[in-house]
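**Student:** Quick one: the structure is below, and I'll ask about it shortly.
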Amino acid sequence: MAANAASGLMLPAFSAVLRPWIPHAIFALLVLAFLRVEPAGVARRLTRPGLIVLAAGWIVAAVPFAAGLIAHAFHLETISPAMMLALFIVTAAPPVMSAPAFAFLMGLDGALSLTVMVACVLATPLTAPLVAGLLLETALRLEPFRLAANLAGLLAGSIAIAWLIHHIAGAARIEAAKTEIDGLNVLLLFAFIIAAMDGVAARFLSDPFFILAVTALTFAVSFTQTAITYLGLRRIGRADAFTVALAAGNRNMGLMVAAMGGVVPDFTWLYFALGQLPTYTLPMILKPLAGRMATVDNG
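Residue numbering for the sequence shown is 40 to 338, as defined by the working numbering.
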């Protein structure tokens with residue numbers, strides 16, 4: 040994953056060609072993610088629905104509303120509408136679809152991450168338009184109902200296709216092919232990161248300090264969302280709080296961009312592109328801390 044992020048910057052010639060395909064890549068990634076959902080793990084975590092509702096509400100409602108109020112207090116919608124839009128997509132989006140895999144690799148509860156991710160994804164068509172309409176409407180100039188319809192269409196379509204494939208192939212064949220499915224996922228992510236980096240290499244050559252500043256900002260926002268979520272939810276248990284925090288710090292901005300048809304201002308696109316770097320590297324950076332959290336809870 041981290042290598043994918045770096046390689047995307049090294050193949051600028053392909054970025055412009057692949058950029059129009061980003062909505063299609065997001066849809067395909069959603070299909071693969073829902074194809075790999077394990078109902079048993081979700082059912083086990085749903086025995087504590089209060090925790091799932093709390094975590095999902097925090098991620099897709101509390102955090103974006105708080106971020107929007109703070110941004111309005113500093114008049115960000117007037118200073119930079121494109122930056123306001125970037126703030127919207129990085130706080131209103133659900134966790135990345137790979138969050139459960141990251142949690143598992145870090146020694147955390149992948150079932151909790153999966154259940155929270157699914158709950159957030161299903162809630163996003165309702166919460167994201169509310170955030171856009173109530174707090175960010177003047178900066179974004181989005182039609183909340185169209186955004187809701189686009190998000191619902193992406194999610195419903197991907198779930199339907201995943202269910203159809205699962206119904207035709209059967210659970211045993213899907214389980215046997217999980218390595219191939221994961222491999223296809225990596226290839227799609229490789230194409231996605233190349234497309235997302237459209238224009239970034241050229242901008243780096245012309246203004247490297249600006250690119251470095253935006254990159255630092257994306258890491259700061261990701262770390263901030265992770266830290267605030269952990270501190271806010273640590274009473275549920277350190278390991279569980281850290282699992283939810285990791286999901287909150289890694290947002291599926293591509294889903295929001297796809298719902299907007301892939302047409303966003305230049306700065307917003309730049310933030311979206313460079314925002315993939317912390318998404319792909321944060322789990323690797325935080326893995327030692329996650330191990331200590333799991334050890335403390337188990338001890």
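The beta-carbon is built from N, C-alpha and C at its ideal position, and this holds for glycine as well.
By Cβ distance below 6 Å, which residues in the same chain neighbour residue 103 in space, the five residues on each side in sequence not counted?
**Tutor:** Cβ within range, chain order: 130, 131, 170.
**Student:** What residue from 260, 98, 135, 301 has the CA that sits closest to residue 228's CA?
**Tutor:** Nearest option by C-alpha distance: 135.
**Student:** Give a yes or no on whether the C-beta atoms belonging to residue 61 and residue 234 are separated by under 8 Å.
**Tutor:** It is a contact, given that the beta carbons lie within the stated cut-off.
**Student:** Which runs of the alpha helix (DSSP H) at least 4 residues long sit entirely within the region 303 to 329? Give them in chain order.
**Tutor:** Runs of the alpha helix (DSSP H) inside the region 303 to 329: 305 to 313.
**Student:** Just the C-alpha distance for residue 202 and residue 154, rounded to the nearest angstrom, thanks.
**Tutor:** Between residue 202 and residue 154, the C-alpha separation is close to 17 Å.
**Student:** From which residue to which residue does the alpha helix (DSSP H) around residue 213 run?
**Tutor:** Per DSSP, residue 213 belongs to the alpha helix (DSSP H) from 210 to 215.
**Student:** Quick check: the region 144 to 151 against the region 119 to 126, are there 3 or more CB pairs under 8 Å?
**Tutor:** Touching, no, given that fewer than three Cβ pairs across the two stretches are closer than 8 Å.
**Student:** To the nearest angstrom, how far is the alpha carbon of residue 90 from that of residue 57?
**Tutor:** Rounded to the nearest angstrom, the two C-alpha atoms are 40 Å apart.
**Student:** Can you look up residue 134 in the DSSP assignment and give me helix, strand or coil?
**Tutor:** It is a strand residue.
**Student:** In whole angstroms, give me the CA-to-CA distance for residue 310 and residue 70.
**Tutor:** Roughly 25 Å separates the two Cα atoms.
**Student:** Taking the alpha carbon of residue 95 as the reference point, which residue from 207, 285, 301, 244 has its own alpha carbon closest?
**Tutor:** Of the candidates 207, 285, 301, 244, the one whose C-alpha sits nearest the C-alpha of residue 95 is 285.
**Student:** Please return the same chain residues whose Cβ sits closer than 6 Å to the Cβ of residue 337, not counting the five positions on each side in sequence.
**Tutor:** Here residue 337 scores only 49 on pLDDT, less than 50, and its place in the model should not be relied on; the value that follows carries that caveat. Cβ within range, chain order: n/a, list empty.
**Student:** Could you work out which residue in 141, 240, 82 is closest to residue 55 when comparing CA atoms only?
**Tutor:** Among 141, 240, 82, the Cα nearest to that of residue 55 is on 240.
**Student:** Threshold first: 4 residues or longer. Then list the alpha helix (DSSP H) segments lying entirely within the region 96 to 140, N to C.
**Tutor:** Whole alpha helix (DSSP H) segments, 4+ residues: 102 to 112, 115 to 118, 120 to 131.
**Student:** Whose CA, out of 316, 108, 194, 167, lies closest to the CA of residue 184?
**Tutor:** Nearest option by C-alpha distance: 167.
**Student:** Look at the Cβ atom of residue 287, then the Cβ atom of residue 236, and state whether they are nearer than 8 Å.
**Tutor:** No, Cβ-Cβ distance for residue 287 and residue 236 is not below 8 Å.
**Student:** For the region 272 to 297, list the alpha helix (DSSP H) runs that are entirely contained and at least 4 residues long, ordered along the chain.
**Tutor:** For the region 272 to 297, whole alpha helix (DSSP H) runs of length 4 or above, ordered along the chain, are 277 to 288.
**Student:** What residue from 232, 125, 212 has the CA that sits closest to residue 253's CA?
**Tutor:** Ranking the options by Cα distance to residue 253, first place goes to 125.
**Student:** Confirm, please, whether the CB-CB distance from residue 289 to residue 307 is below 8 Å.
**Tutor:** Cβ atoms of residue 307 and residue 289: not closer than 8 Å.
**Student:** Our contact map puts residue 66 next to residue 245 with C-beta atoms below 8 Å; I'd like the distance itself, whole angstroms only.
**Tutor:** Residue 66 to residue 245, Cβ: 33 Å. No contact.
**Student:** Would you give the residue range spanned by the alpha helix (DSSP H) that residue 70 belongs to?
**Tutor:** That run of the alpha helix (DSSP H) goes 61 to 74.
**Student:** Within 10 angstroms of the Cβ of residue 150, are there 16 or more other Cβ atoms? Answer buried if so, exposed if not.
**Tutor:** The residue is buried, with at least 16 neighbouring Cβ atoms inside 10 Å.
**Student:** Does the Cβ of residue 265 have 16 or more other Cβ atoms within 10 Å, making it buried, or fewer, making it exposed?
**Tutor:** Buried is the call here.
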